[in-house]
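Worksheet: the structure to be examined is printed underneath.
Residue numbers (my numbering), protein chains in the order written: chain A, 5 to 232; chain B, 5 to 695.
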C-alpha cells in the first residue's frame, strides 16, 4: 500500500514549472500554500463521522490527535516527509511530526516541542517486533529557550509491558500489546503508553508526553505512512 | 519564656532547620521584597519574577518594584513615604534600592544562605544589612534566622562591629555597610492546608527608633504576625500586626516572562519543508522571463501577509532569491525568517538554492540572513536542527536597498494609526507619591517612503491627579522639574516630527528628526550608530538643537534653548540577555556627565531596565532624588493575549523630576530599532527559527 504525503504531487508541479513558463509556478504556490487541499481528496470531516471507507477513499497517511484533557479531536494529514520524519497537519495548520510512532515535534498547539533525539534502537521511533524491544532507552526533548538548541530535557525511560488486549480504531480491530514507558529526567517525570501490534511492532494508538506546558497528546494512527 | 532563651530565639530556630525537607517558594514581606514581615529570608523569587507591591502601615506607605534580575540576585526599588520622620506631620519621601544575593540555595539538609543590603549605597532611613539562613523543616513550615546591621541591628544588639556613621543624605555612602551594632532576628512561615493561605510570625531586630522620635509610634513588642493569601497566582494579599501597636496591609501583583498568561506557541503552525527529489530539475531557464519576479512576488506576498510579513523588495535569479521584508507581527525575528524560508522552500522553483532574507525595521535594512535550501532540507525536523542551522547560516550587514532594477513593492505612502490607554504612575516626585493618571493616547504615522515618515502623538487625560496643584520649579534650568506643569488635561501634543532613517554604510545607521520631539522640547536631532551585525557592541552619537516648549500652549515655546550631545557605547553581553549602555555628554540643563543603563531582555519580549546618571550638576540643584535614576518595565502584549504582535506596554518609575542628567526623550532611537537584528540576538533566539 502506498500512502504518500500530501505535498508530493505539488512538488511535481513545481518541478514542471521551471521549463514551462511562470504561470505554473504561481499556480503551484497558490495551490500548495493558499489552499493546500485544493489538489487533494477531501479529508474525512472532523465534525462528521470518520469511517474506514472515507479513510480508504482519502488515500493519504492520516492520524487523529487530541490533547489530553480536551474534547476536540483533530485529523492530521501526512504532508511532508524529511528523511524518516513525517509531518502531519490539521486544517488549522497545527503540526505534529513523528518518527515512526514517536512524536518528535509539535507546532501551533501551544508550548512547541522543537525536536527529539532518540536512541538508534528506540522501538517507538523505528518499528521493531515487540519481542526485541529494549528495557531502557534515553531521549532528549528540545523546547524553545535561549540559544539555537533551546532547552534540552534529557530523560531515561524504562519500558514495561502488560497483557495483550484488543483495540478498535475506526472499525478496525487490532490485537495489541500495551507498553508503558516511564521516563524521568531533570525535574520531570512522565509516562507514555503505546498499543503495539505484537508481531510487527506497529504502534496504532499512543498517549505521549509533548512537554510541560501542554502535557500529553493522544494519537490514533488511522492510516500509517509507508513507502511500500 | 526565660529571657535568655527569648533573646536567642533566632539561633534556636536555625538549629531546628537541620530537618530534611525541600525548599518552598519565597513569599513577599510587607514592603514587597521576598521575606517574612519586616525581616528578610534567605529565599529568593524565581528567576525574572517581577512584582509590584503597594503597602501601607501606620508609619510608612508607598510602592515597590521587585525584580529577580539573576537567578540568585534580587533587586527592589522602593518609593516610600515615611510619616513623621523629620518632624510631627513632616513626611520623608524616600527612594531606595535593596539587593539580596543568595549565596547558596537550600538543599535537602542545608538551609539557603543569603546576604543583603537595604537602601544600598545610601545611609538613609532604611539603611541596613543582613546575613540570613532559611530552611523548610517539613509540613509547610519554613524557619528563618539571621543577623542584621543598621536598622536590623537596632533592637537588643548582641555585639558591635565598629562604629556605624550617623544617617546622612550622602547619595553614595558605603562606610556604613555591615558596621555598628548587630542583632539577631528570625521567624516562621507556615503554608496552611488551605490553598494560597500562609501564616507568619517573626522576631524583629528593628527598633523603629526613627519613627518614635517625632511620631506617636510605640514599639511594644519585637514580635510581628501576619496572614497572607494568594487567591490566584500572581496576586497576593497580606495583613500584619506589628510591634504590638501597628497594622499593615500589602497588595502584590507579580508576573514572570517565563510564565505567560496565555499559552505560548498557540496558533497557526509553519509550512512544512519538503525536500527536493534527488533528480530535481536544475534548469534556470524559467528565470529568463522578465515577468517572473513580479509574478512570484505577487504570489508570495498574500501568503506571507496574513502573518504580518510584508515584502518590500525582491530580487530573484535562477539560483538565488533576495527578499527585504518588514515583520509587523511576530515578536521574534528568527521565527519570521524561519517561516519565510519554509515558504520559499515549498514555493520556489527547484533551481533556487540560496535564500537571503533581510528584515527591515523602521525603514532600515538590517542584517541579511542567508540559508542554503539544501541545508534547510537536510536539517528540518532533525534533533540538532537548531544548532546545525545556526552553524550553516550566514549573517552580513545589508545594504539599505537592493540593486537598481529590483522589484519594489508600491506600498507608499502608508498610513497607520493606533489608540491605546496609558496609565502612568508617578511615584517619583515628593508630595505626589500616590498620583496616577488614566490617559488615552492616539498616535499616527504617515510613511512617505521606506525611510521618511511623519509621526504624531496626542494624549488626552481621562482621569487622574498627576500635576494637580503643581507649582513652577524654582530651578534655574527647569528642564524636568517642571514636569508636572505639562500634565494638563489635554489634549497634549506629545510628538509631531518628520523622521528620516537611512544608512551611511551597510553597518552604519543614521536618523534625523525635526519638530516637536517630546512633550517638553522641540527642535532638530540627528543620530548615527555604527554596529556591524557580527559584533556584540556598537558606538553611537547624537546631537540635538532644542528649545523648551510652553506648558499650556500646544505649539508654543519658552525662551530656553540648548544644544545637547552624547556619545554612546552599547554592549550586548550575551549573558542572561543583559545589555549595557554608557552615554557621555552634555544634557538638557547644560550639565556634563555620564548615564549608565543596564537592561535584561527575555525571549518572551519582557525587558527590565534601569539607569543612573551622574553629572557635574551639584546634588542640591538636581531636584528630586539628588541624581537622575529610573526603572522601566516593558511587557509585550503577546505575553498577555493570544496574538502574534510586536506591541508592548512600558511602565517607567523615577525617570522624571530631576533636572540633572536629563536626556531628550525622542521616539525610538537607532539602537532600540536594530538591536534585535545582530548575531548575538539571533543566536539567543535561533530556537524560534524552526517554529
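We put the CB at the ideal spot given by N, CA and C, even for glycine.
In this structure the stretch 121 to 139 of chain A lies against the stretch 191 to 208 of chain A, because at least three pairs of beta carbons, one per stretch, are closer than 8 Å.
Not flagged as an interface residue toward chain A: residue 73/B, since no C-beta distance is shorter than 7 Å.
The Cβ of residue 607/B sits closer than 7 Å to at least one Cβ of chain A. Among the residues facing chain A, residue 688/B is included, as its CB has a counterpart in that chain under 7 Å away. By the neighbour-count criterion, in which a residue is buried when 16 or more other Cβ atoms sit within 10 angstroms of its Cβ, residue 209/B is buried. Neighbours of residue 229/A across chain B, judged by C-beta separation under 7 Å, do not exist; the nearest C-beta is about 13 Å away.
Restricted to the stretch 77 to 135 of chain A, the beta strand (DSSP E) segments that are unbroken, complete and at least 3 residues in length are 78 to 86, 89 to 93, 99 to 103, 106 to 111 and 119 to 122, listed in chain order. What residue 159/A touches in chain B, judged by beta-carbon distance under 7 Å, is nothing: the nearest beta carbon there is about 14 Å away. Interface residue (Cβ-Cβ distance to chain A less than 7 Å): residue 261/B is not classified as such. For residue 595/B, no beta strand (DSSP E) segment is defined, and its DSSP state is neither H nor E. Its Cα nearest to that of residue 565/B, the residue 593/B stands out among 593/B, 559/B and 556/B.
In this structure, residue 364/B places its C-beta atom within 7 Å of the C-beta atom of residue 328/B. The beta-carbon separation of residue 230/B and residue 186/B, rounded to 25 Å, does not stay under the 8 Å limit for a contact.
Flagged as an interface residue toward chain A: residue 278/B, by a C-beta distance shorter than 7 Å. Contact of residue 123/A with chain B is not assigned, every C-beta pair being separated by 7 Å or more.
When C-beta distances to chain A are compared with 8 Å, the residues of the stretch 372 to 391 of chain B below that value are 381, 384, 385, 386, 387, 388, 389, 390 and 391, in chain order. In summary, the residues of the stretch 274 to 303 of chain B whose CB is separated from some CB of chain A by less than 8 Å are 274, 275, 276, 277, 278, 279, 280, 281, 284, 285, 287, 288, 289, 290, 293, 295, 296, 299, 300, 302 and 303, in the order they occur in the chain. If you compare the alpha carbons of 246/B, 423/B and 398/B with that of residue 374/B, the shortest gap goes to 398/B. Beta-bridge partners assigned by DSSP to residue 503/B: 457/B and 517/B.
Here residue 541/B carries a strand assignment [DSSP, helix/strand/coil]. Sequence-ordered contacts of the stretch 175 to 201 of chain A with chain B are nonexistent [C-beta pairs closer than 8 Å].
Judged by beta-carbon spacing, residue 242/B lies within the 7 Å limit of residue 232/B, meaning their Cβ atoms are closer than that value. Setting aside the 5 residues that flank it on each side, residue 194/A is surrounded in the same chain by 187 and 213, each with a C-beta closer than 7 Å to its C-beta; the list follows chain order. Note on geometry: alpha-carbon atoms of residue 406/B and residue 54/A lie some 52 Å from one another. Interface criterion met: the Cβ of residue 89/A is under 7 Å from a Cβ in chain B.
In the structure shown, residue 53/A falls within a coil segment according to DSSP collapsed to helix, strand and coil. In this structure, the beta-carbon distance from residue 663/B to residue 481/B falls below 7 Å. Judged by their CB atoms, residue 154/B and residue 135/B are not nearer to each other than the 7 Å cut-off.
Burial check for residue 401/B: the Cβ neighbour count within 10 Å reaches 16 or more, so the residue is buried. Think of a sphere of 9 Å around the beta carbon of residue 96/A: the chain B residues whose beta carbon falls inside it are 271, 272 and 273, in chain order. Sequence-distant Cβ neighbours of residue 494/B in its own chain, meaning closer than 7 Å and more than five residues away, are 463, 464 and 465. Counting only Cβ-Cβ distances below 7 Å, residue 154/A has contacts in chain B at 390 and 691, in chain order. For the stretch 153 to 172 of chain B, the set of positions with a beta-carbon nearer than 8 Å to some beta-carbon of chain A is empty.
Contact check between the stretch 76 to 95 of chain A and the stretch 366 to 386 of chain B: three or more CB pairs, one atom from each, fall below 8 Å, which counts as touching. Taking a Cβ-Cβ cut-off of 8 Å, the neighbours of residue 394/B in chain A comprise 152, given in sequence order.
Proximity of chain B to residue 222/A at the Cβ level (cut-off 7 Å) is not reached, the minimal Cβ distance being about 18 Å.
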